[in-house]
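In this note's numbering, the protein residues as written are 306 to 1197.
Here it is as structure tokens:
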């Protein structure tokens, strides 16, 4: 977060720009001051001193001498390997959130027996001279969600559905807003529009999600030049009135009556006719924390590509792509015109919208927004406290014939920073990448959801399959740290006789659940039983993925004991190191009845992965005894796994089984190529040369081929056309996002639609990490996490003409762009300052770097025992190799 308005614990990071190749940070110095002026002179709060270290991510600052609610300024400079210090960075800043004991504000709500519409709260206050204000910060938690207003104007209109969903009985988040520039001398009014959100979701799922009436707590702190501090807190002197937002539900949608807007605005100008707020009586969070994750924001508008009439006379708008978002209307209609908008992902043969894939059978609600026109000219509106998954919109109620300008689709998601870019010479791969990123973006709303309409739940199994490719495409550190706390708080209690998954999603048993063992879903009240071994592995894999991609030990330190508890729990439900329970390779083509990887094999493989991660985490944290213990446990699991499942002649069976074994490191040494060949053989003999895999296989099969001498087979899979192919999805199923079951054939398409499966499911996008790692050739190194050392190894140069990838890492942007022709390969790589690269040449032949022989190139060192691997210092390099590819395959 840049210059955050509230944090509870400042942890600082920086990136270094250097025009000199080989820059290495050998020391840093951080200074913190109470003002920009003092920072430029002598820092009066804290100085790290000269710290000999190459660390530049996650540098903690002691807060013992700092005052809650106060803004601080900081800067950093670094020293290189030659003893030269950089200039000071430009100042940055952070503000500590208010102390819990000094919040001085009540939880308030409206009298819900009176209030039928969403309530708008206000408090009037006076400032004698706004020019004397040094700072003005509002901290607001409105549950379920809220919009902040000052003097009748929204403070941050692009922010939506704030704050992010949590387990409200444990804690909730507040958002902080710097509002000094919005205040004026004289009378001012702070206002809050309050919506149900997730806190009072009482419409679908039998109202089980509701925690009570919506409520808010707000604290405004005004600091003046003379040191005076004034605090305004929510209490029962606040007033409320009904807003024009007649109703809203996070699933079902909103109704806004613009006829009420004029009277509402007039009421805003008067002092009489308002109701007194009352003390909130719902479930009050035990703790409040500054929101640690990027807020949900409006992202992009999509114009309608066409509008046509369906047989019932409704107008159907097509926006061209399936998104998670809201409609934005611009209309001019007579007063009282009720425009109803219903949204869905696909059409029926007659051209009307088929709402079944949005979960109507489960929720009982069609995604519907309604706008009642004021009739006073051009009107524009979009919902605030809901969002939908849709490509098509049905409009009814218009008095005149609409055109495409009437409605736009607006995507909304957590405002995580885009961090990756990928393109290559294969248009199928490019299309799949775009679909994976679009689907992922449509399922980031404060938690990693399974779909943006039917469930919107943070399933743990979906989360660990999407994490690797999410981390390449977006800056996900804060997002995953928030979700890990969701998992922990959801898991924190004991439950007697709790539901457990035995096989698939059809066989169950009941047993006590100990504190710390997660559920299938987090956060919220819909839990769906205790996590199966192949879903709960997220508790282990997510901290490790964060460590791997961002280089921070904090996830391991914070969750290590829980990771260890999970591994020991899973071991306890197995026998002889084999884990028999789980859901399996979820949602292959044709559905779960066609999973062809045994559940015991996949669950045992995940158990081995978890044990391996805990062993590595123990080693990274200096817990030597644990490292040795889990190393020995891993050896026992590996032996049992191979004794049970491995055939030295044919591998492990299905291609998901073989790919999982390779990815986990379970294959006996020397048999890796045999197992990879078995993937090829299985695909060609049983599935016509295509993949048959669910969410555990689809992300692992390409690597199982490219890393063990079968890159050409991987290319053939992506090049396949017609039935049982990736292009079938957009050519024959008109898919623009990844479906819950991929429509790769007529059978899988028709079965998915008949079953009402979601058409926006990111769990199927695991292959996208392979595009970065093996096609572009950019991978993090577990021995030097956070891309401190980048592994460069493109493995598809024998069957693709070119590829390029970029990843924004904690050290800066890493780039790998290669192009192959008849003469050889030109490969451009960029390694950011204070990082290095381990480069594996994909071709054999004469090599030059930046125009000179590789042996003469300064900053490039061969790795002992290899003839193709070199260590590169930070810098930009052009590598040319003339010769024969190490991975054979036809160039296309």
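Yeah, the Cβ is synthetic: ideal placement off N, Cα and C, and Gly gets one too.
Distance, residue j Cα to residue i Cα
i, j, result
"residue 1136", "residue 530", "47 Å"
"residue 709", "residue 735", "29 Å"
"residue 507", "residue 587", "13 Å"
"residue 354", "residue 382", "11 Å"
"residue 908", "residue 822", "16 Å"
"residue 487", "residue 433", "15 Å"
"residue 1022", "residue 691", "40 Å"
"residue 1093", "residue 854", "9 Å"
"residue 746", "residue 347", "44 Å"
"residue 563", "residue 573", "15 Å"
"residue 809", "residue 352", "56 Å"
"residue 642", "residue 675", "10 Å"
"residue 473", "residue 790", "12 Å"
"residue 331", "residue 386", "6 Å"
"residue 751", "residue 899", "33 Å"
"residue 962", "residue 1002", "8 Å"
"residue 1197", "residue 733", "Low local confidence applies: a pLDDT of 25 at residue 1197 is under 50, so the model's placement there is unreliable, and no value is given."
"residue 1194", "residue 392", "Legend: pLDDT at residue 1194 = 37, less than 50; position of this residue unreliable, value from coordinates given subsequently. Rounded to the nearest angstrom, the two C-alpha atoms are 50 Å apart."
"residue 275", "residue 408", "A query on residue 275 cannot be resolved here, the shown segment of the chain reaching from 306 to 1197 and no further."
"residue 363", "residue 308", "15 Å"
"residue 404", "residue 491", "29 Å"
"residue 777", "residue 384", "29 Å"
"residue 550", "residue 968", "52 Å"
"residue 320", "residue 398", "16 Å"
"residue 557", "residue 617", "22 Å"
"residue 693", "residue 634", "15 Å"
"residue 480", "residue 372", "19 Å"
"residue 440", "residue 782", "29 Å"
Cβ-Cβ distance between residue i and residue j below 8 Å
i, j, result
"residue 1176", "residue 1186", "no"
"residue 493", "residue 431", "yes"
"residue 1265", "residue 448", "The first residue shown for the chain is 306 and the last is 1197, placing residue 1265 beyond what the model contains."
"residue 799", "residue 837", "no"
"residue 985", "residue 1029", "no"
"residue 1064", "residue 1040", "yes"
"residue 455", "residue 495", "yes"
"residue 501", "residue 554", "yes"
"residue 327", "residue 1179", "yes"
"residue 843", "residue 765", "yes"
"residue 1079", "residue 1121", "no"
"residue 834", "residue 803", "yes"
"residue 780", "residue 416", "no"
"residue 700", "residue 644", "yes"
"residue 476", "residue 590", "yes"
Residues that residue i bridges to, as DSSP identifies them
i, result
"residue 401", "312"
"residue 1135", "1120, 1181"
"residue 436", "None; residue 436 has no bridge partner."
"residue 1141", "1094"
"residue 426", "497, 545"
"residue 580", "545"
"residue 516", "Looking at the DSSP assignment, residue 516 forms no beta bridge with any residue, so it has no partner."
"residue 806", "813"
"residue 852", "Answer by DSSP bridge pairing: none, since residue 852 is not bridged."
"residue 714", "607, 632"
Near the ligand ADP: residue i beta-carbon under 7 Å from a heavy atom
i, result
"residue 591", "This structure lacks the ligand ADP, and indeed carries no ligand of any kind."
Which runs of the beta strand (DSSP E) spanning at least 3 residues fall entirely within the segment 637–668, listed in chain order? 643–649
Please determine if the segment 361–379 and the segment 336–352 are in contact, where contact requires at least 3 C-beta pairs separated by less than 8 Å. yes
Contact between the segment 593–608 and the segment 660–673: three or more CB pairs below 8 Å? no
Can you list, in chain order, the stretches of the beta strand (DSSP E) that have 3 or more residues and sit fully within the segment 1012–1099? 1083–1085, 1094–1097
So, do the segment 755–775 and the segment 1138–1148 have three or more beta carbon pairs nearer to each other than 8 Å? no
At 4 residues or longer, and completely inside the segment 352–419: list those alpha helix (DSSP H) runs for me, N to C. none
Is the segment 922–936 touching the segment 978–998 in the sense that three or more CB pairs, one from each, lie closer than 8 Å? no
Quick check for students: name the residue ranges of the alpha helix (DSSP H) that lie wholly in the segment 722–780, counting only runs of 4 or more. 732–746, 765–778
Three or more C-beta pairs under 8 Å: does that hold for the segment 719–727 against the segment 627–644? no
At least 3 beta-carbon pairs within less than 8 Å: the segment 890–897 vs the segment 990–1004: yes
At 4 residues or longer, what runs of the alpha helix (DSSP H) sit wholly inside the segment 318–345? 341–345
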